[in-house]
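Count along the sequence shown from 1, add 139, and you get the number used in the numbering used here.
Backbone N, C-alpha and C fix where the C-beta goes; we use that ideal spot for every residue, glycine too.
Small disclaimer: the values here were computed from a predicted structure and weren't measured.
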Amino acid sequence: MAVEQMVIGGVVAMTRDGTMGREGALPWRIPSDLLRFKRITSGEPGEEHAVIMGRETWMSLPSRFRPLPGRSNLVLSRTPDFVLPGAEVHSSLESALSSCQQQSITHAWVIGGREVYASAFDHLQILHVTWVEAEVDGDIRFPEFTLSEWEIVEEESIMVQGDDHPTTYVLFKRRGESPVWA
Ligand SMILES: NC(=O)c1ccc[n+]([C@@H]2O[C@H](COP(=O)([O-])OP(=O)(O)OC[C@H]3O[C@@H](n4cnc5c(N)ncnc54)[C@H](OP(=O)(O)O)[C@@H]3O)[C@@H](O)[C@H]2O)c1
């Protein structure tokens with residue numbers, strides 16, 4: 140049975156200038172944000188969550204966390220017949236979203252990288268951003284977007300022992316969208 144209104148959201152951690160990756164990995168160690176990521180993308184009992192990511196992001200996950208447990212893992216790749224144990228491989232975002240609908244997924248989370256965020260951006264109803272409050276070198280940036288098209292629903296400053304940098308967590312919703320995630 141298809142879900143009538145599947146939430147499609149994005150989750151990203153980036154610096155204020157959009158830096159989010161370096162040499163195929165995260166350019167920081169922020170355990171509190173990894174916990175938040177897990178909480179957001181796993182959801183509550185009774186919900187069915189999926190994560191949609193590019194092939195490079197899949198490869199960047201430590202092998203013991205692949206597939207991300209408790210969530211349907213969908214990986215985008217244009218390589219025909221690519222097989223990844225524990226994940227569905229799709230050659231387009233549309234195909235991945237359609238598979239989520241067919242599986243009765245309630246929440247589909249777009250988790251990167253750059254090209255996947257760019258392809259999915261217009262579909263996103265909500266966006267969880269962790270702003271990393273530091274200047275960090277990197278080679279991958281989040282696509283530019285217009286902040287004024289989004290409104291802040293929640294904002295929290297975080298400085299936890301063990302994190303490389305302080306962060307500010309913000310939940311955005313697209314202006315004009317009703318809060319379907321509640
Ligand atoms: N800070 C964060 O929140 C965050 C989140 C995610 C990733 N990252 C970082 O970002 C980097 C990885 O991201 P990336 O941008 O390099 O790569 P990526 O988007 O994860 O993967 C790129 C690959 O995905 C496939 N792909 C992407 N869009 C597609 C589409 N629309 N249709 C079909 N296939 C598609 C292609 O695979 P094929 O080449 O197989 O065709 C493409 O080469 C790493 O450094 C990672 O740590 C950071």
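Buried or exposed by the 16-neighbour rule on C-beta atoms within 10 Å, applied to residue i
{"i": "I291", "result": "exposed"}
{"i": "V299", "result": "exposed"}
{"i": "R178", "result": "exposed"}
{"i": "L286", "result": "exposed"}
{"i": "G301", "result": "exposed"}
{"i": "G251", "result": "buried"}
{"i": "D172", "result": "buried"}
{"i": "W167", "result": "buried"}
{"i": "V268", "result": "buried"}
{"i": "A152", "result": "buried"}
{"i": "V249", "result": "buried"}
{"i": "T109", "result": "One cannot answer for residue 109 here, as it falls past the ends of the chain, which runs 140 to 321."}
{"i": "R155", "result": "exposed"}
{"i": "M140", "result": "Reliability of the predicted coordinates at M140 is poor, the pLDDT of 46 falling under 50, and the value obtained from them is presented with this limitation in mind. The residue is exposed, with fewer than 16 neighbouring Cβ atoms inside 10 Å."}
{"i": "S211", "result": "buried"}
N- and C-terminal bounds of the alpha helix (DSSP H) containing residue i
{"i": "A235", "result": "L232 to Q241"}
{"i": "R178", "result": "P170 to S181"}
Closest residue to residue i among the options (Cα-Cα distance)
{"i": "T196", "options": "I265, C239, E295 and V214", "result": "V214"}
{"i": "V150", "options": "R314, V275 and H246", "result": "H246"}
{"i": "F260", "options": "R217, E272, L232 and M198", "result": "L232"}
{"i": "V146", "options": "L165, G225 and Q240", "result": "Q240"}
{"i": "I265", "options": "K312, G225, T158 and N212", "result": "K312"}
{"i": "G293", "options": "P282, Y308 and G301", "result": "At residue 293 the sequence reads Glu, which differs from the Gly that was named. When only C-alpha atoms are compared, the closest one is Y308."}
{"i": "F284", "options": "E295, H267, H304 and A257", "result": "A257"}
{"i": "G193", "options": "H229, P184, D303 and Q242", "result": "H229"}
{"i": "P206", "options": "V190, F221 and D220", "result": "V190"}
Terminal residues of the beta strand (DSSP E) in which residue i lies
{"i": "W197", "result": "Segment R194 to S199 is the alpha helix (DSSP H) holding W197; no beta strand (DSSP E) there."}
{"i": "S216", "result": "Counting along the chain, S216 falls outside any beta strand (DSSP E), and DSSP gives it neither H nor E."}
{"i": "I147", "result": "V146 to T154"}
{"i": "E227", "result": "E227 to H229"}
{"i": "G160", "result": "T158 to G160"}
Residue i CB to nearest heavy atom of ligand 2 below 8 Å
{"i": "V190", "result": "Because ligand 2 does not appear in the structure shown, any question about it cannot be addressed here, the ligands present being ligand 1."}
Length at least 3, wholly inside the region 245–314: the beta strand (DSSP E) runs in chain order: You should have 246–249, 265–271, 289–297 and 306–313.
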